[in-house]
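Participant: Protein chains in written order, with my numbering: chain A, -18 to 161; chain Y, -18 to 274. Sending over a structure as structure tokens; questions will come in a sec.
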Amino acid sequence: MNKTILPLFALIFLTLSASAQQWVTRAGEVHFLSETPIEDIEATSKEASVILDLESGRVAVQVPILSFHFEKALMEEHFNENYMESGTYPKAKFSGTLRDFGDLPESGAVEVMVDGIFEVHGVSVDRPFNGTLEKQGDKVILNCRFDVRTEDHQIPIPSVVRDNIAEVIDVDIRAELSAR
Amino acid sequence: MSPSRVLLLLFALMPAMVGVAQDDDMMDFFDEVEEEARPVTAVFKSQRLINVHTCETPGKGEMNFVIAHRFGRISDGAYALWGLDNASMRMAFEYGINDRVMLSVGRSTFEKTYETGVKARLVEQMEGGTPFGITAYSVVMANGLRWADPERENYFSSRLSYAHQLIVTRKFDDDLSVLLVPSFVHRNLVDLPDRAHDVVTLGGGFRYKISNRTTINAEYHYFLPRPIPDEYHNSLSLGVDIETGGHVFQLHITNSRGMFERAFLTETYDRWQDGELYFGFNLNRVFQVGDRR
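Structure, rendered in structure tokens:
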């Protein structure tokens, strides 16, 4: 009996420690910038939810569209009403898996690649993202920069504001994850 | 199979089961969030539905510049180019001192009227919370015409009139927003001795979005106390809003010539059934003049 029980405990222990590999935040920062010669439009959300499972390599992110704040109230209204239609599509979402990922070193940032489904404005795109992960004390810091083509997510930009809004939006994400 | 073997098998399968459960666990993380209650935004496209104020106020530090016109009666016919010969105008500045309170000043060519008002969103409709919003608007209007009889003793207070409104609004979905507006208007001086100094009107209106940037609008104000003098009528207006970037264009047809509360609520002399209608527009241009934070 003893011989069977020992590996059982080992298994239970392993599964338990695996669940301790989840890292989360509900206050990730997402910033984006639309840069044109006429004007730069930018907005920040500090309400991104991020979960990273270092055991399975899975990552998921969700950001409420209404949590993006702009320098001008009118921009915010137009962003939600006319472009993102946040009443119908309240969140931007990502769910994916880290590519060839091993253990996270105790110090120093590591480059990571993630493949997954990125959903904005109700339109999902399967695409890779580049980012870095870094262990800092009891936190894991996630950084990621990427471009979003408004066209890819069927966000039409009327010709009158074509010169004011970039076709490609720069997005960066920074999140400090704590063990769940 | 001995019980210990069954146990062993179960435990051997456990990591796989836990693995599956963990994926669900992971997405559960997003369901646990208690969504912060947010006010419902963009209930209307503009500070005014057509003539009447909506719940909208400029954002903090925003200045909304309004230029509005009402042309002459369409029933004046081809000679006056269906009213286009006679434009009456209103200019106003509306400033958001914070995201809920607005101060405004305005001037209409109609009776050379100056006005200054304050609008405050008292209760905001919330996502998944409070089902409607309540906004208060108060305005003082001063008639700027020369005294009809400069010889007699005239008082400045005779020029003044006041309007107080409660604007109850609800955005039913992305497209349909409705408002109910009880208004109280007090005129210090009335044109004839038998006219009421205090008038109450009950107003209602809606906007319906036909595209992201276009809405159709209607508003109606029912005059109290009844009976009202024959020459007074209820105000009915129909319109369209077109939004382009920092502008909102509002085009409408109304039987009220004046664009401030005393005029369109209590001094509407024309009737739809007689074709005594005014074509007009409001043009709203927004500037960010102050800091938003």
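Don't be surprised by glycine CBs; every beta carbon is placed ideally from N, CA and C. Bear in mind the structure is a predicted one, so any value in this text is a computation, not a measurement.
I'd like to know whether the C-beta of residue 54 of chain A is nearer than 7 Å to at least one C-beta of chain Y.
Facilitator: Here residue 54 of chain A refers to the residue found at position 73 of the first sequence. Closer than 7 Å: yes.
Participant: Please compile the residues from chain Y whose C-beta is within a distance smaller than 8 Å of the C-beta of residue 68 of chain A.
Facilitator: Walking along the first sequence from the start, residue 68 of chain A turns up at place 87. Correct list: 154 and 155.
Participant: Please report whether the beta-carbon of residue 46 of chain Y lies at a distance below 7 Å from any beta-carbon of chain A.
Facilitator: Sequence index remark: in the second sequence, residue 46 of chain Y carries index 65 (1-based). Not closer than 7 Å to any Cβ of chain A, the Cβ of residue 46 of chain Y fails to qualify, so no.
Participant: What does residue 5 of chain A touch in chain Y if you count any residue whose Cβ is under 7 Å from its own?
Facilitator: As a working note, residue 5 of chain A is residue 24 in the first sequence. Neighbours of residue 5 of chain A on chain Y, chain order: 10.
Participant: Figure out for me which residue from Y:112, Y:162, Y:10 and Y:8 has the closest Cα to the Cα of residue 153 of chain Y.
Facilitator: Here the question's residue 153 of chain Y lines up with position 172 in the second sequence. The option with the nearest alpha carbon to residue 153 of chain Y is Y:112.
Participant: Classify residue 149 of chain A as buried or exposed, calling it buried when 16 or more other Cβ atoms lie within 10 Å of its own Cβ.
Facilitator: Here residue 149 of chain A corresponds to residue number 168 of the first sequence, with the count starting at 1. Burial call: exposed.
Participant: Could you work out which residues of chain A lie near residue 269 of chain Y, taking near to mean beta carbons separated by less than 7 Å?
Facilitator: Here residue 269 of chain Y refers to the residue found at position 288 when the second sequence is read from its first residue. Near residue 269 of chain Y (Cβ distances below 7 Å), the residues of chain A are 53.
Participant: Pull up the distance between the alpha-carbon of residue 141 of chain A and that of residue 225 of chain Y, whole angstroms please.
Facilitator: Working through the first sequence from its first residue, we reach residue 141 of chain A at position 160. Working through the second sequence from its first residue, we reach residue 225 of chain Y at position 244. Between residue 141 of chain A and residue 225 of chain Y, the C-alpha separation is close to 8 Å.
Participant: Straight-line CA distance for residue 19 of chain A to residue 228 of chain Y?
Facilitator: Against the first sequence, residue 19 of chain A aligns to sequence position 38. Against the second sequence, residue 228 of chain Y aligns to sequence position 247. C-alpha separation (whole angstroms): 17 Å.
Participant: For residue 41 of chain Y, return the contacting residues in chain A, with the cut-off set at a CB-CB distance below 9 Å.
Facilitator: For the purposes of this step, residue 41 of chain Y is identified with residue 60 of the second sequence, where counting begins at 1. Those are 54, listed as they occur along chain A.
Participant: Distance cutoff 7 Å, beta carbons only. Does residue 225 of chain Y sit that close to anything in chain A?
Facilitator: Along the second sequence, read from residue 1 onward, the residue named residue 225 of chain Y stands at position 244. Closer than 7 Å to some Cβ of chain A, the Cβ of residue 225 of chain Y qualifies, so yes.
Participant: Which chain Y residues are close to residue 142 of chain A, counting only those with a beta carbon under 9 Å from its beta carbon?
Facilitator: Walking along the first sequence from the start, residue 142 of chain A turns up at place 161. 225 and 226, listed in chain order.
Participant: Leaving out the 5 sequence neighbours to the left and right, which residues in its chain are closer than 6 Å to residue 254 of chain Y when beta-carbon positions are compared?
Facilitator: Taking the second sequence and counting its residues from 1, the one referred to as residue 254 of chain Y is at position 273. None.
Participant: From Y:239, Y:176, Y:118 and Y:88, pick the residue whose C-alpha is nearest to that of residue 279 of chain Y; which is it?
Facilitator: The shown model of chain Y, from -18 to 274, leaves out residue 279 of chain Y, and the question about it has no answer.
Participant: Checking the sheet assignment: what are the DSSP bridge partners for residue 4 of chain A?
Facilitator: The residue given as residue 4 of chain A occupies position 23 in the first sequence. Its beta-bridge partners are A:33 and A:160.
Participant: Tell whether a beta-carbon distance below 7 Å holds between residue 50 of chain Y and residue 261 of chain Y.
Facilitator: Numbered from its first residue, the second sequence carries residue 50 of chain Y at position 69. Numbered from its first residue, the second sequence carries residue 261 of chain Y at position 280. Going by C-beta atoms, residue 50 of chain Y is nearer than 7 Å to residue 261 of chain Y.
Participant: What residues in the stretch 38 to 51 of chain A have a beta carbon less than 7 Å from any beta carbon of chain Y?
Facilitator: So the list reads 39, 41, 43 and 47, given in the order they occur along the chain.
Participant: Closest Cβ-Cβ distance between residue 115 of chain A and chain Y: below 7 Å?
Facilitator: Taking the first sequence and counting its residues from 1, one reaches residue 115 of chain A at position 134. No, because no Cβ of chain Y sits closer than 7 Å to the Cβ of residue 115 of chain A.
Participant: When DSSP builds the beta bridges, which residues end up paired with residue 225 of chain Y?
Facilitator: Position 244 of the second sequence holds residue 225 of chain Y. BP columns for residue 225 of chain Y point to Y:228.
Participant: Measure from the alpha carbon of residue 53 of chain Y to the alpha carbon of each residue in Y:64, Y:44 and Y:60, then state which is nearest.
Facilitator: In the second sequence, residue 53 of chain Y corresponds to position 72, counting from 1. When each option's Cα is compared against that of residue 53 of chain Y, the closest is Y:64.
Participant: Could you tell me whether any Cβ in chain Y is nearer than 7 Å to the Cβ of residue 111 of chain A?
Facilitator: Taking the first sequence and counting its residues from 1, the one referred to as residue 111 of chain A is at position 130. So no, residue 111 of chain A is outside the interface.
Participant: Are the beta-carbon atoms of residue 68 of chain A and residue 97 of chain A separated by less than 7 Å?
Facilitator: Numbered from its first residue, the first sequence carries residue 68 of chain A at position 87. Numbered from its first residue, the first sequence carries residue 97 of chain A at position 116. No, they are not a contact pair.
Participant: Shorter than 7 Å from the beta carbon of residue 135 of chain Y to some beta carbon of chain A?
Facilitator: Along the second sequence, read from residue 1 onward, the residue named residue 135 of chain Y stands at position 154. Output row for residue 135 of chain Y: interface = no.
Participant: From what residue to what residue does the beta strand (DSSP E) around residue 70 of chain Y run?
Facilitator: Walking along the second sequence from the start, residue 70 of chain Y turns up at place 89. Element bounds for residue 70 of chain Y: 69 to 77.
Participant: Between residue 62 of chain Y and the ligand SAH, is the CB less than 6 Å from at least one heavy atom?
Facilitator: The ligand SAH is absent from the structure shown, which contains no ligand whatsoever.
Participant: Looking at the unbroken alpha helix (DSSP H) that takes in residue 59 of chain A, where does it start and where does it end?
Facilitator: In the first sequence, the residue the question calls residue 59 of chain A occupies position 78. First-last of the alpha helix (DSSP H) with residue 59 of chain A: 54 to 59.
Participant: Spatial neighbours of residue 2 of chain Y within its chain, please: CB distance less than 7 Å, with the 5 preceding and 5 following residues excluded, ordered by chain position.
Facilitator: Taking the first residue of the second sequence as position 1, residue 2 of chain Y is located at position 21. In this prediction, residue 2 of chain Y has a pLDDT of 49, which is less than 50 and means its spatial position is unreliable; what the coordinates show is noted afterwards. Around residue 2 of chain Y: no qualifying Cβ.
Participant: Going by alpha carbons, who is nearest to residue 132 of chain A out of A:124, A:155 and A:105?
Facilitator: Position 151 of the first sequence holds residue 132 of chain A. Nearest C-alpha to residue 132 of chain A: A:105.
Participant: Which same chain residues, not among the five before or five after residue 126 of chain A, have their C-beta less than 6 Å away from its C-beta?
Facilitator: Working through the first sequence from its first residue, we reach residue 126 of chain A at position 145. Answer for residue 126 of chain A: 153, listed in chain order.
Participant: Assuming residue 128 of chain A is part of the beta strand (DSSP E), what are its boundary residues?
Facilitator: By 1-based counting over the first sequence, the position of residue 128 of chain A is 147. Start and end: 120 to 130.
Participant: Buried or exposed, going by whether 16 or more other CB atoms sit within 10 Å of the CB of residue 191 of chain Y?
Facilitator: If you number the second sequence from 1, residue 191 of chain Y lands on position 210. Its Cβ having fewer than 16 others within 10 Å, residue 191 of chain Y is exposed.
Participant: Assess contact between the stretch 21 to 40 of chain Y and the stretch 101 to 110 of chain Y, defined as three or more Cβ pairs (one per stretch) separated by less than 8 Å. Is contact present?
Facilitator: Taking 8 Å as the limit for Cβ pairs, the verdict is that the stretch 101 to 110 of chain Y does touch the stretch 21 to 40 of chain Y.
Participant: So who's on the other strand from residue 46 of chain A, going by DSSP bridges?
Facilitator: Taking the first residue of the first sequence as position 1, residue 46 of chain A is located at position 65. DSSP lists no partner for residue 46 of chain A.
Participant: Which residues in the same chain have their Cβ closer than 6 Å to the Cβ of residue 180 of chain Y, if we skip the five residues on either side of it in sequence?
Facilitator: Position 199 of the second sequence holds residue 180 of chain Y. Excluding sequence neighbours, residue 180 of chain Y sits near 166 and 247.
Participant: At which residues does the beta strand (DSSP E) containing residue 48 of chain Y begin and terminate?
Facilitator: Position 67 of the second sequence, counted from the first residue, corresponds to residue 48 of chain Y. From DSSP, the beta strand (DSSP E) with residue 48 of chain Y extends over 43 to 54.
Participant: Is the shortest distance between the beta-carbon of residue 23 of chain Y and the beta-carbons of chain A less than 7 Å?
Facilitator: Residue numbering aside, residue 23 of chain Y sits at position 42 when the second sequence is read from its first letter. Yes - at least one Cβ of chain A is within 7 Å of the one on residue 23 of chain Y.
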